[in-house]
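>
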Amino acid sequence: MSGKPKLTYFNGRGRMESVRWLLAAAGVEFEEEFLETSEQYQKLIKDGALLFDQVPLVEIDGMKMVQTRAILSYIAAKCNLYGKDPKERAFIDMYVEGTADLMGMIITFPFTPPQKRNLALIIERATTRYFPVYEKVLKQHGQDFLVGNQFSWADVQLLEAILMVEEKEPTVLSNFPVLQAFKARISNIPTIKKFLQLGSQRKPPPNDQYVATVIEVLKKD
Amino acid sequence: MAIKPKLHYFNGRGRMETIRWLLAAAGVEFEEAEYLETRKQYEKLIQDGSLLFQQVPMVEIDGMKMVQTRAILNYIAGKHNLYGKDLKERALIDMYVEATMDLNEMIMFLPFQPPEEKEKNFALIIERATTRYFPVYEKVLKDHGQQFLVGNQFSWADVHLLEAILMAEECKPDILSPFPQLQAFKGRISNIPTIKKFLQPGSQR
Chain A
1 MSGKPKLTYF
11 NGRGRMESVR
21 WLLAAAGVEF
31 EEEFLETSEQ
41 YQKLIKDGAL
51 LFDQVPLVEI
61 DGMKMVQTRA
71 ILSYIAAKCN
81 LYGKDPKERA
91 FIDMYVEGTA
101 DLMGMIITFP
111 FTPPQKRNLA
121 LIIERATTRY
131 FPVYEKVLKQ
141 HGQDFLVGNQ
151 FSWADVQLLE
161 AILMVEEKEP
171 TVLSNFPVLQ
181 AFKARISNIP
191 TIKKFLQLGS
201 QRKPPPNDQY
211 VATVIEVLKK
221 D
Chain B
1001 MAIKPKLHYF
1011 NGRGRMETIR
1021 WLLAAAGVEF
1031 EEAEYLETRK
1041 QYEKLIQDGS
1051 LLFQQVPMVE
1061 IDGMKMVQTR
1071 AILNYIAGKH
1081 NLYGKDLKER
1091 ALIDMYVEAT
1101 MDLNEMIMFL
1111 PFQPPEEKEK
1121 NFALIIERAT
1131 TRYFPVYEKV
1141 LKDHGQQFLV
1151 GNQFSWADVH
1161 LLEAILMAEE
1171 CKPDILSPFP
1181 QLQAFKGRIS
1191 NIPTIKKFLQ
1201 PGSQR
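Each protein sequence line maps, in turn, to chains A and B.
Just so you know, my numbering puts 188 at position 188 of the first sequence, and the rest follows in order with no gaps.
Just so you know, my numbering puts 1007 at position 7 of the second sequence, and the rest follows in order with no gaps.
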């Protein structure tokens, strides 16, 4: 028995990707079980493994944790990526909620009917609502990291969000020089650098097969 | 002089209601800024740089202009000892609260749905409440037999579950009939003095 956290999810990004990023950034090795059939999912439910019948599921420290934010908060706190006091924590939470909102738009994108998809809105939000905030935060304090002059969950998630948006629009950071420098800096942190290399547990962007698998697994009888 | 937290929102529940509940439960007096009623007011808040991501809720608290509902709730819970006594209790509270927030959000968005979707979404709310969410809390309470959801101590999870129960009952008054533990829980938590006060007419609910 390894004692490593075990992630149960589809073989793709979705809501689990932020968890993979955070564990990787913290240098925590983890195992994965991929959901491929409806039967697997139904069995998890019958076994009582999914508190609210939903994945992500992360088995960690004797708990079967569900609810992405709960999982991320636990990992961040455990791995000293949640600031050193309640106010730093408050800032990390605010920044993380902002990037989560932005990434949420991209996560749901492939599951939205094509005629309702709005890539332009995602890019607009990124470049007018979210990225300017982080650009300004970093510029104003001039530190390497978003909060408390220390690497935190907020930095990991911002890098994740930047890369996700760049996949949709490669030039999206062109007006954000401080974020460009941030991206390079955080990408070079050894644990992150490793995660960004081929062969890591980082998942590729969703394709049609991924969408089809999710729909199939979660289908109601 | 203790400065009261100041809430910026519309004159209604929305995403701010959970914050009002938590502050009230913690016995924290708070003020509400002029309710947002015009586009002009909202744009002024943005121009003043008060809204980090151009969104409300916004709560001025302890020298910060906090936005993002969960960030605000986490801070208040942590500050007022409503977040458990260790990381694992915190994890349980987070799991429970995330789920009740999912349910609350469905109810919160119902008025904003197009009329043709309302009936379907209403049915989904009832189904989720009675088959996905309430059975879990019923079992948690039954299994440990304690008064509160986590760690034998009043926490944010209890406040939020009560809020969700009352909102669900507004949708369907007999929704708790299969859940005796939750009925007892509702009675118990409603009687906590700070909550009892919040439930009375004239409160900021």
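We treat Cβ as the ideally placed atom computed from N, Cα and C, and that holds for glycine.
From a predicted model like this one, the values you see are computed outputs, not experimental measurements.
Scan the region 1074-1132 of chain B and note each continuous alpha helix (DSSP H) run of 4 residues or more that stays entirely inside, going in chain order.
As far as the region 1074-1132 of chain B is concerned, its whole alpha helix (DSSP H) runs of at least 4 residues are 1087-1109 and 1115-1127.
> Could you run through the region 96-129 of chain A and flag, in chain order, every residue whose CB is less than 7 Å away from some CB of chain B?
Answer set for the region 96-129 of chain A: 97, 98 and 129.
> Where does residue 56 (chain A) land, buried or exposed, given buried means 16+ other C-beta within 10 angstroms?
Against the first sequence, residue 56 (chain A) aligns to sequence position 56. With 16 or more other Cβ atoms within 10 Å, it is buried.
> Are the CB atoms of residue 1159 (chain B) and residue 1021 (chain B) within a distance shorter than 8 Å?
Indexing the second sequence from 1 puts residue 1021 (chain B) at position 21. Indexing the second sequence from 1 puts residue 1159 (chain B) at position 159. A contact, by the Cβ cut-off of 8 Å.
> Which residues mark the beginning and the end of the alpha helix (DSSP H) in which residue 1175 (chain B) is found?
Numbered from 1 along the second sequence, position 175 holds the residue referred to as residue 1175 (chain B). Segment: none, residue 1175 (chain B) is in no alpha helix (DSSP H) and carries neither H nor E.
> Is residue 9 (chain A) near residue 218 (chain A), with beta carbons less than 8 Å apart?
Against the first sequence, residue 9 (chain A) aligns to sequence position 9. Against the first sequence, residue 218 (chain A) aligns to sequence position 218. Not a contact, by the Cβ cut-off of 8 Å.
> Could you tell me if residue 47 (chain A) is buried or exposed, where buried requires 16 or more neighbouring beta carbons within 10 angstroms of its beta carbon?
The sequence position of residue 47 (chain A) within the first sequence is 47, counting from 1. With fewer than 16 Cβ atoms within 10 Å of its Cβ, residue 47 (chain A) is classed as exposed.
> In terms of alpha-carbon separation, which member of A:88, A:44, A:13 and A:109 lies closest to residue 148 (chain A)?
In the first sequence, counting from the first residue as 1, residue 148 (chain A) sits at position 148. Considering only alpha carbons, the answer is A:88.
> Determine contact between the region 86-102 of chain A and the region 153-165 of chain A, defined as no fewer than three beta-carbon pairs at a distance below 8 Å.
Taking 8 Å as the limit for Cβ pairs, the verdict is that the region 153-165 of chain A does touch the region 86-102 of chain A.
> Taking Cβ to Cβ, would you say residue 1101 (chain B) is nearer than 8 Å to residue 94 (chain A)?
One-based indexing of the second sequence puts residue 1101 (chain B) at position 101. One-based indexing of the first sequence puts residue 94 (chain A) at position 94. Going by C-beta atoms, residue 1101 (chain B) is not nearer than 8 Å to residue 94 (chain A).
> Listing by chain order, which chain B residues have their CB less than 7 Å from the CB of residue 57 (chain A)?
For the purposes of this step, residue 57 (chain A) is taken as residue 57 along the first sequence, with counting starting at 1. Within chain B, no residue comes near residue 57 (chain A); the closest Cβ sits about 11 Å away, beyond 7 Å.
> What are the boundary residues of the beta strand (DSSP E) that residue 8 (chain A) is part of?
Taking the first sequence and counting its residues from 1, the one referred to as residue 8 (chain A) is at position 8. Element bounds for residue 8 (chain A): 6-9.
> Give me the chain B residues within the contact set of residue 41 (chain A), using Cβ-Cβ distance strictly less than 7 Å, ordered along the chain.
Along the first sequence, read from residue 1 onward, the residue named residue 41 (chain A) stands at position 41. Simply none; closest approach about 14 Å.
> Using DSSP bridges, identify the partner residues of residue 1008 (chain B).
On the second sequence, position 8 is the one that residue 1008 (chain B) refers to. According to DSSP, which records beta bridges pairwise, residue 1008 (chain B) is partnered with B:1058.
> Pick out whichever of B:1062, B:1077, B:1082 and B:1090 has its Cα sitting closest to the Cα of residue 70 (chain A).
The residue labelled residue 70 (chain A) in the question sits at position 70 within the first sequence. Ranking the options by Cα distance to residue 70 (chain A), first place goes to B:1090.
> Quick check on residue 52 (chain A) - is its C-beta less than 8 Å from some C-beta in chain B?
Residue numbering aside, residue 52 (chain A) sits at position 52 when the first sequence is read from its first letter. So yes, residue 52 (chain A) belongs to the interface.
> Please name the residue or residues paired with residue 60 (chain A) in a DSSP beta bridge.
Numbered from its first residue, the first sequence carries residue 60 (chain A) at position 60. DSSP output for residue 60 (chain A) lists A:63 as bridge partner(s).
> List, in order along the chain, the chain A residues whose C-beta lies closer than 9 Å to that of residue 1035 (chain B)?
Working through the second sequence from its first residue, we reach residue 1035 (chain B) at position 35. Neighbours of residue 1035 (chain B) on chain A: none; closest Cβ ~23 Å, over 9 Å.
> If you draw a straight line from the alpha carbon of residue 1146 (chain B) to that of residue 49 (chain A), how long is it in whole angstroms?
In the second sequence, the residue the question calls residue 1146 (chain B) occupies position 146. In the first sequence, the residue the question calls residue 49 (chain A) occupies position 49. Residue 1146 (chain B) and residue 49 (chain A): Cα-Cα distance of roughly 23 Å.
> Is residue 1122 (chain B) near residue 130 (chain A), with beta carbons less than 8 Å apart?
The residue labelled residue 1122 (chain B) in the question sits at position 122 within the second sequence. The residue labelled residue 130 (chain A) in the question sits at position 130 within the first sequence. Going by C-beta atoms, residue 1122 (chain B) is not nearer than 8 Å to residue 130 (chain A).
> Locate the alpha helix (DSSP H) running through residue 156 (chain A), then write down its first and last residues.
The sequence position of residue 156 (chain A) within the first sequence is 156, counting from 1. Its alpha helix (DSSP H) spans residues 153-168.
> Could you check if residue 200 (chain A) is buried or exposed, using at least 16 other CB atoms within 10 Å of its CB as the buried criterion?
Numbered from its first residue, the first sequence carries residue 200 (chain A) at position 200. Exposed: under 16 other Cβ atoms inside 10 Å.
> Whose C-beta lies closer than 6 Å to the C-beta of residue 1045 (chain B) among residues of the same chain, with five residues either side of it excluded?
To locate residue 1045 (chain B), count along the second sequence from 1; it is residue 45. Once the five neighbours on either side are set aside, the close Cβ partners of residue 1045 (chain B) are 1051.
> Tell me which same chain residues have a C-beta within less than 6 Å of the C-beta of residue 44 (chain A), skipping the five on either side of it?
Position 44 of the first sequence holds residue 44 (chain A). Contacts found: 50.
> Taking Cβ positions, are residue 74 (chain A) and residue 152 (chain A) nearer each other than 8 Å?
Counted from its first residue, the first sequence places residue 74 (chain A) at position 74. Counted from its first residue, the first sequence places residue 152 (chain A) at position 152. No.
> Specify, as a first and last residue, the run of the beta strand (DSSP E) that residue 84 (chain A) falls within.
In the first sequence, the residue the question calls residue 84 (chain A) occupies position 84. Neither: residue 84 (chain A) is in no beta strand (DSSP E) and is coded neither H nor E.
> Would you kindly report the start and end of the unbroken alpha helix (DSSP H) that includes residue 34 (chain A)?
Stepping through the first sequence from its first residue, residue 34 (chain A) is reached at position 34. Careful: residue 34 (chain A) lies outside any alpha helix (DSSP H), inside the beta strand (DSSP E) at 31-34.
> Measure from the alpha carbon of residue 1195 (chain B) to the alpha carbon of each residue in B:1008, B:1018 and B:1012, then state which is nearest.
Mapped onto the second sequence, residue 1195 (chain B) falls at position 195. The candidate whose alpha carbon is nearest that of residue 1195 (chain B) is B:1018.
> Measuring only the C-alpha atoms, how far is residue 1011 (chain B) from residue 1110 (chain B)?
Here residue 1011 (chain B) corresponds to residue number 11 of the second sequence, with the count starting at 1. Here residue 1110 (chain B) corresponds to residue number 110 of the second sequence, with the count starting at 1. Cα-Cα distance, rounded: 17 Å.
> Could you say if the region 1157-1172 of chain B and the region 1092-1101 of chain B meet the contact criterion of at least three C-beta pairs nearer than 8 Å?
The region 1157-1172 of chain B is in contact with the region 1092-1101 of chain B.
> What are the boundary residues of the beta strand (DSSP E) that residue 1139 (chain B) is part of?
Looking up residue 1139 (chain B) in the second sequence gives position 139. Run containing residue 1139 (chain B): none in the beta strand (DSSP E); it sits in the alpha helix (DSSP H), 1134-1144.
> In chain order, what residues of the region 58-75 of chain A put their CB closer than 7 Å to some CB of chain B?
The region 58-75 of chain A vs chain B, Cβ under 7 Å: 63, 65, 66, 67, 69, 70, 73 and 74.
> What residue does the alpha helix (DSSP H) around residue 137 (chain A) start on, and which one ends it?
Here the question's residue 137 (chain A) lines up with position 137 in the first sequence. From DSSP, the alpha helix (DSSP H) with residue 137 (chain A) extends over 131-141.
> Are residue 7 (chain A) and residue 19 (chain A) close, meaning C-beta to C-beta below 8 Å?
On the first sequence, position 7 is the one that residue 7 (chain A) refers to. On the first sequence, position 19 is the one that residue 19 (chain A) refers to. Taking 8 Å as the Cβ cut-off, residue 7 (chain A) and residue 19 (chain A) qualify as a contacting pair.
> Chain A beta carbons: is any one of them nearer than 8 Å to that of residue 1127 (chain B)?
The residue given as residue 1127 (chain B) occupies position 127 in the second sequence. Taking Cβ atoms only, chain A never reaches closer than 8 Å to residue 1127 (chain B), which makes this a no.
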